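Okay, structure first, notes after.
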Amino acid sequence: MSWRHIVASVLLIGGCFLQVWAVLGLVVLRNAYDRLHCLGLAGYGALLMATAILVRQSFSLIGDKALVTGLVLVLFGPILAHTTARSLRIREHGDWRAGIERHQESEDQ
Amino acid sequence: MNEWEIAAAVLAGALLPCLGVCALAGVADGLVAMELAGTIVATVLMLLAEGLQRQPFIDLALTLAILAIVATLAIARLLEHDL
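Those protein sequences? They're chains A and B, same order as listed.
Residue numbers are given in the working numbering: position 80 of the first sequence equals residue 84, and the series is strictly consecutive.
Residue numbers are given in the working numbering: position 3 of the second sequence equals residue 158, and the series is strictly consecutive.
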């Protein structure tokens, strides 16, 4: 068993664990705002597994595209979470800033 | 069955809770579950490409990852005005 095989297996298990943990969080957490935190975790799980493929394959066609896929998922995860949270606040309150000004005024006083 | 296919099977099983949240919880929770499911399906396709040594699957994974982002942004925008 080569070192590549061992490192790839460790990264694969780690990535799989992170994604299963994210799904567990989705089921256990209470509301949509809490559940949004799971998205970032799943993206990093995907990146770990893409790195596992890269370690195993080196820079081949599958390895390169797996790395790009993992990076896309990691980079856009926080953007999606922020956009979704903003949309949910607008849906609930009419404006995403609703309540924030009141909170700041009470802090100033 | 190699380790890549086993990991893909485990993650495919993890899609069931996402489906359950989509079906049973509200619209907001369903959107979050759909985003998570998109990430997991892209990962499953990536693992299948490596496990089965089929290059088209990795193209599907990359395409799905990008399309899931665009779809989520569109649905989130539509949700603002009570879909």
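Yeah, the Cβ is synthetic: ideal placement off N, Cα and C, and Gly gets one too.
Since this is a predicted model, take the numbers as computed values, not measurements.
Taking a Cβ-Cβ cut-off of 9 Å, Val11(A) has no neighbours in chain B, whose nearest Cβ is about 13 Å from it. Listed along chain B, no residue sits closer than 8 Å to Phe63(A) by beta-carbon distance, the nearest being about 13 Å off.
The contact set of Arg60(A) on chain B, defined by CB atoms closer than 8 Å, consists of Glu205 in chain order.
Taking 7 Å as the Cβ-Cβ cut-off, the segment 163-195 of chain B approaches chain A at Val165, Leu166, Ala169, Pro172, Cys173, Val176, Ala183, Asp184, Leu186, Val187, Ala188, Glu190, Leu191, Thr194, Ile195, given in chain order. In the three-state reduction of the DSSP assignment, Glu96(A) falls in the helix class, which pools H, G and I. When only Cα atoms are considered, Val32(A) and Ala216(B) end up about 28 Å apart. Ala188(B) and Val176(B) have their C-alpha atoms some 6 Å from each other. Exclusion of the five residues before and after Leu92(A) leaves Ala36, Tyr37 as the residues of its chain whose Cβ lies within less than 8 Å of its Cβ. When C-beta atoms of the segment 42-56 of chain A are compared with those of the segment 19-33 of chain A, three or more pairs fall below 8 Å, so the two segments count as touching. Straight across, the Cα-Cα distance linking Leu15(A) with Thr88(A) is about 30 Å.
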